[in-house]
Amino acid sequence: MMSDSRHVPPRVRSYSITHPPGRVALPTQPGWDYLVFAHLGLFTAITEAQAWTIPTHTALCVPDGTHVRIETARRTAIRCLYVDERLDALGDDVRVVNLTTLTRELLGHAISTAPMNLELPADHATITLLADRLASSVNAPLHLPLPVDPVARVVASSIMADPAVVLDDLGRAVGASRRTIERRFKSETRMSLGQWRRRARVLAAVSLLSQGDSVTRVAVTVGYSSPSSFVAAFRSELGSAPRQFMQS
1 MMSDSRHVPP RVRSYSITHP PGRVALPTQP GWDYLVFAHL GLFTAITEAQ
51 AWTIPTHTAL CVPDGTHVRI ETARRTAIRC LYVDERLDAL GDDVRVVNLT
101 TLTRELLGHA ISTAPMNLEL PADHATITLL ADRLASSVNA PLHLPLPVDP
151 VARVVASSIM ADPAVVLDDL GRAVGASRRT IERRFKSETR MSLGQWRRRA
201 RVLAAVSLLS QGDSVTRVAV TVGYSSPSSF VAAFRSELGS APRQFMQS
C-alpha cells in the first residue's frame, strides 16, 4: 500500500506491487503527481488520446488529475513514486522518459526511503536532483496517438489487438473504404494509416521481445514477411535494432 507518515506530512510517497496479468489499479489521490515504471516486466498505459508501451528502461510521468489505464500482459513488478504536485517535479504533461543509470538509482533510493520529509537535507537533495534529471530526460518515442472517430477507433483497437491483421479486411468489417479510414487517421492522429500501423506493430513487438521471444518469431507475429523488414521498421521508429533497444 502507499507509504505514509504520522509525524511529518510527507511530500513524496511510494507504492510497489508485483501484479499478475490484467488491469492495474494504482492508488491515486488529488494533489499528487506520480511516476510509474516496471522494475521487472512491461506494461501499457492508455488515456483517451494516447497509448504508451513502458519497458523497464523507461518511466511514465503522470500529472495530477490525469486518468491513465495501466495494464500488464504478464506478471510485472511495478514501482510508483508520488510527488506533491506543488513541487512541480514531474512536469505538466503525460510523457514517457528514458531512464539513465543515475535516474534509476535515484528513483530506487526515493522509493525505498519514502515517505520523504523534504525539510531533511538528504531527502531534499535526492528529490531536487531527481527532478533535474527528469526535466532533462529524453522523451521515449513509445506513444501511439488514438483517434476519436468511432470507425477509426475500432480500426485502431483491432490493429492493437492483432498487429498482423489485414487492413482491407478491417475496412470491410467496419463498412468503410480504405480511403475513408486513411483520411480519418490522418486528420486525427497526424499519421497515415500505414505509419500508425507500423508504430503499433513496433510497440507490440517491444512487449513480445520483453518476454524473451526471438526477433524472427516476433517479426511474424506482428505481421512482417521477414526479419529484415521488421528490423528496418523497428529501427525507423525507435532508432536502434530490436536487441539493442531492449538492452539500453
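Read in order, the letters of the sequence shown correspond to residues 1 to 248 in the UniProt record's numbering. Just so it is clear, CB atoms sit at the ideal spot from N, CA and C, and this is done for glycine as well.
Helix, strand or coil at Thr100 according to DSSP, with G and I counted as helix:
Taking the first residue of the sequence shown as position 1, residue 100 is located at position 100. Three-state DSSP puts Thr100 in coil, outside helix and strand.
Give the DSSP bridge partners of His143, in chain order.
By 1-based counting over the sequence shown, the position of residue 143 is 143. His143 pairs with Trp52.
Go ahead and pull the three-state DSSP assignment for Asp92.
The residue labelled residue 92 in the question sits at position 92 within the sequence shown. Asp92 falls in the coil class under three-state DSSP.
Going by the DSSP bridge assignment, what does Arg199 pair with across the sheet?
Within the sequence shown, residue 199 is the residue found at index 199, counting from 1. In DSSP, Arg199 forms no bridge with anything.
So, with DSSP's three-state summary, where would you put Ala131?
Here residue 131 refers to the residue found at position 131 of the sequence shown. Looking at Ala131 - three-state DSSP - the assignment turns out to be helix.
Alpha carbon of Ala176 to alpha carbon of Val151, nearest angstrom
Here the question's residue 176 lines up with position 176 in the sequence shown. Here the question's residue 151 lines up with position 151 in the sequence shown. Their Cα atoms are separated by approximately 8 Å.
Could you tell me the alpha carbon to alpha carbon distance between Leu129 and Thr18, rounded to whole angstroms?
Taking the sequence shown and counting its residues from 1, one reaches residue 129 at position 129. Taking the sequence shown and counting its residues from 1, one reaches residue 18 at position 18. Approximately 27 Å between the Cα atoms of the pair.
My assumption, with CB atoms under 8 Å, is that Ser16 sits in contact with Arg69. Please give the rounded CB distance.
Taking the first residue of the sequence shown as position 1, residue 16 is located at position 16. Taking the first residue of the sequence shown as position 1, residue 69 is located at position 69. Contact flag wrong, Cβ pair sits at about 20 Å.
Residue burial classification, Pro242 (beta-carbon count within 10 angstroms, cutoff 16)
In the sequence shown, the residue the question calls residue 242 occupies position 242. That one is buried.
What is the residue span of the alpha helix (DSSP H) that Val155 lies within?
Residue 155 sits at position 155 when you count from the first residue of the sequence shown. 150-161 is the span of the alpha helix (DSSP H), which, as asked, contains Val155.
Report the residue from Pro115, Thr126, Leu35 whose alpha carbon sits nearest the alpha carbon of Asp93.
Here residue 93 corresponds to residue number 93 of the sequence shown, with the count starting at 1. Among Pro115, Thr126, Leu35, the Cα nearest to that of Asp93 is on Leu35.
Spatial distance of Ser236 from Val155 (CA atoms):
Sequence index remark: in the sequence shown, residue 236 carries index 236 (1-based). Sequence index remark: in the sequence shown, residue 155 carries index 155 (1-based). Computed Cα separation, rounded: 23 Å.
From Val12, Gly91, Met191, pick the residue whose C-alpha is nearest to that of Ala114; which is it?
Taking the sequence shown and counting its residues from 1, one reaches residue 114 at position 114. Answer by Cα proximity: Val12.
Please classify Val206: does DSSP put it in a helix, a strand, or coil?
Reading the sequence shown from its first residue, position 206 is the one you call residue 206. If DSSP states are grouped into helix, strand and coil, Val206 belongs with the helices.
Look up Thr76 in the DSSP assignment and say whether it is helix, strand or coil.
For the purposes of this step, residue 76 is taken as the residue at position 76 of the sequence shown. It is a strand residue.
Selected residue, minimal CA-CA separation from Pro147, among Ser158, Ser210, Pro141
As a first step, residue 147 is located in the sequence shown; it is residue number 147 there, counting from the start. Cα-wise, what sits closest to Pro147 is Ser158.
Quick check on DSSP: helix, strand or coil for Gln244?
Within the sequence shown, numbered from 1, the residue matching residue 244 stands at position 244. Helix at Gln244.
Of the choices Gly223, His124, Ser210, Ile127, whose alpha-carbon is the least far from that of Arg199?
Position 199 of the sequence shown, counting from 1, holds the residue named residue 199. It is Gly223.
Is the beta carbon of Ala38 sitting closer than 8 Å to the one on Ala77?
Position 38 of the sequence shown holds residue 38. Position 77 of the sequence shown holds residue 77. Yes; because the gap between Cβ atoms is below 8 Å, this pair is in contact.
Answer with buried or exposed for Arg201, where buried requires no fewer than 16 other C-beta atoms within 10 angstroms of its C-beta.
In the sequence shown, the residue the question calls residue 201 occupies position 201. Answer is buried; the Cβ neighbour count reaches 16.
Alpha carbon to alpha carbon, how far is Asp64 from Ala233? Give it in angstroms, no decimals.
Locating residue 233 in the sequence shown gives position 233, where the first residue counts as 1. Locating residue 64 in the sequence shown gives position 64, where the first residue counts as 1. About 35 Å.
C-alpha distance - Cys61 paired with Arg74, whole-angstrom precision:
One-based indexing of the sequence shown puts residue 61 at position 61. One-based indexing of the sequence shown puts residue 74 at position 74. Approximately 22 Å, taken between the alpha carbons.
Alpha carbon to alpha carbon, what distance is there between Val96 and Thr66?
In the sequence shown, counting from the first residue as 1, residue 66 sits at position 66. In the sequence shown, counting from the first residue as 1, residue 96 sits at position 96. Rounded to whole angstroms, Thr66 to Val96 spans 14 Å at the Cα level.
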